[in-house]
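Numbering (the UniProt record's numbering), first residue to last: 1 to 691.
All C-beta atoms in this analysis are idealised placements derived from N, C-alpha and C, irrespective of residue type, glycine included.
Structure, as structure tokens:
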């Protein structure tokens, strides 16, 4: 799972809200949405009327039996309402956490009436990003997160947009440039920029997501609709079977001149015990809880169908940068120039990076220390921070200027100082670039010392996770813009099943279509505008919240953390939801069969004495047997609510193994538990002397 802990502990406020909603859902308009429970609802009303009539001797059934039955049926309906209400309350509670995401980002809004000349000395006021309005001017400095989507109106800066583009290399964003738009959630690495807010208040993508969650609107998925139809058919069958028992019992009593009167309340109680009320009451809660579990991982599903489809996915398309690799380039190797001692080159690289707080700078320090160098900056050293204008950083020590930066920037710097660039350095730079790594050139004054290779490192533990997916029958495909050689090396190291090199938007789309033509369900992540066609085509599409608007609109899920690896968790949650639904359906049907064989003999033994030999549990009386069954029927719903919300424990295994496991645990368990539960309740009823 992701770093987020999925916690389904029910706090007091959430419980109270769900408890109140359970009574609100007693309206016929709400109840008719669930056909199975609507039948229980009608039965509860009917028995309530019968119990009132029997109290005033207007109906010839036992008033105590009718009254208790009515109360238990109302509790059955309320427990079913509570299961759905608690799931909805948990989903709605996440809207508040979504709002906190916006509040966590602090924006520095410019005080009106200032000239955008001296950016260092502009006056600002701090406020939560959620309070920004369209056309507000925001100042963002190095190291700060951009609080909103906007347009750069002053300044030039290096921005880390890896969450959007998937590329670890920073980009330049500035006023008057072709690339002057910035996205909320990205980070300024150097310099200062002023941004104009482009969104109206309440119309941002996150605002729309909050509204979607608070609306708690969830359409039934195709599988859920199919299961509802099956449950409705079973309910109709049991209704017809139960209704025939009344004339048969009357006929036997008249013809054989013995046996007791079987009333309408007995028939209704028996019907409620036999129809699939367990899964009927929990079906909606399972679907809502699946979406809520995604939300707790900071993933918003636009529909329940997307969550369900995630459980059936068998092909995963994974971007390389940020998903399989860290995305932040790490120093991998030092290359010294001709005539330069390698130790001298490493020492200068270390000195130029000691004050560099970027991931690349820290990785250079780490690699140098692994090589045995542990130099410290002298007191008179002056750090030169990275600038979007120079594309270099470094240190000045007693007139010695050590710098590192992009090959083009360093080459121009050296040539301006009268130095030269030899062919070997250019060859090293080209070789590193051809392998998909990033070359960083180091110089001292006008002399080039060498090149540092920055490499995107494969994340640890991914090979094991891909192995788990393989056991579940899911094929993993890495998609990258790298050349064939680099892609093959990273694919082998990561342990993916296949890879696509030099991937273009057209190639991604064609790949997804080809897999779908072969009958596969495909999932993928994306964040850029060029990913939108493929996202729209994929069965499960997870867009990054920090990505472009077109990507978010095309996807059916949005990751608020903008973590491309979240796709692996989405698949697991989808499978867990399907397994949970299957497990509880198996338990419910087995449960109903067990209640049939447990209750029918005891309930009709007075009419048909021959049934006594089938009364293997020796229930004390027909009323006690029926009440025990209907009470058990209500209690099992409330007992299974935590399982419906939390989900069945998920294990990486094949579909056949999961099916066998569910049948053994929930099928056999569903047959055994009712016999034990009904017998215990019957003993309690006898002990307190009700029947």
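Simplified DSSP state of residue 56, which is helix, strand or coil:
coil
Which same chain residues, not among the five before or five after residue 463, have their C-beta less than 6 Å away from its C-beta?
495
Using the rule of at least 16 other Cβ atoms within 10 Å of the residue's Cβ for burial, across every protein chain shown, is residue 106 buried or exposed?
exposed
Does the distance from the C-beta atom of residue 315 to that of residue 520 stay below 8 Å?
yes
Work out the CA separation of residue 116 and residue 122 for me, nearest whole Å.
8 Å
Using 8 Å as the threshold, is the C-beta distance between residue 692 and residue 22 below it?
Residue 692 lies beyond the residue range present for the chain, which begins at 1 and ends at 691; the question has no answer from this structure.
Give the list of continuous beta strand (DSSP E) stretches no shorter than 3 residues that lie fully inside the region 297-331.
299-301 and 315-319
Which residue comes first and which comes last in the beta strand (DSSP E) that contains residue 383?
382-384
Residue environment, residue 737, which counts as buried when at least 16 other CB atoms sit within 10 Å:
Given a span of 1 to 691 for the chain in the structure shown, any question on residue 737 remains unanswerable.
Cα-Cα separation between residue 290 and residue 567, rounded to whole angstroms:
15 Å
Assign residue 610 to one of two classes, buried (16 or more other C-beta atoms within 10 Å of its C-beta) or exposed (fewer than that).
exposed
Are there 16 or more other CB atoms within 10 angstroms of the CB of residue 485, so buried, or fewer, so exposed?
exposed
Residue environment, residue 687, which counts as buried when at least 16 other CB atoms sit within 10 Å
exposed
How about residue 373 and residue 347: do their beta carbons lie closer than 8 Å?
yes
Would the region 417-430 and the region 379-396 be scored as touching if the rule is three or more Cβ pairs under 8 Å?
no
For residue 450, which beta-bridge partners are listed by DSSP?
336 and 442
Using 8 Å as the threshold, is the region 323-337 in touch with the region 440-455, meaning 3 or more CB pairs across them?
yes
Given this structure, state the Cα-to-Cα distance separating residue 604 from residue 622, to the nearest angstrom.
7 Å
Residue 297, buried or exposed, once every other Cβ within 10 Å from all chains shown has been counted against 16
buried
Using 8 Å as the Cβ pair cut-off and three pairs as the minimum, do the region 277-295 and the region 223-232 touch?
yes
Start and end of the alpha helix (DSSP H) containing residue 373?
Run containing residue 373: none; DSSP gives neither H nor E here.
Would you list the one or two residues that DSSP bridges to residue 396?
382 and 401
If contact is defined by three or more beta carbon pairs under 8 Å, each pair taking one atom from either stretch, is the region 344-362 in contact with the region 515-529?
no
With a 10 Å radius around its C-beta and 16 neighbouring C-beta atoms as the bar for buried, classify residue 482 as buried or exposed.
buried
Excluding the 5 residues flanking residue 246 on each side, which residues of the same chain have their C-beta closer than 7 Å to its C-beta?
262 and 267
For residue 497 and residue 301, I'd like the C-alpha separation in whole angstroms.
27 Å
Sort 139, 71, 512 and 46 by Cα distance to residue 475 and report the nearest one.
512
Spatially closest choice to residue 637 from 340, 157 and 592, by CA coordinates
592
Quick check: what's the CA-CA separation for residue 126 versus residue 192?
16 Å
Member of 595, 175, 503 and 274 whose CA lies at the smallest distance from the CA of residue 321:
503
Using the Cα positions of residue 423 and residue 409, report the straight-line distance between them to the nearest angstrom.
17 Å
Let me make sure I understand the geometry here. Which of 248, 631, 630 and 600 has the alpha-carbon closest to that of residue 617?
600
Would DSSP call residue 617 helix, strand or coil?
coil
By Cβ distance, which residues of its chain are closer than 6 Å to residue 531, with the 5 residues on each side in sequence left out?
551
Report the three-state DSSP secondary structure of residue 174 (helix, strand or coil).
strand
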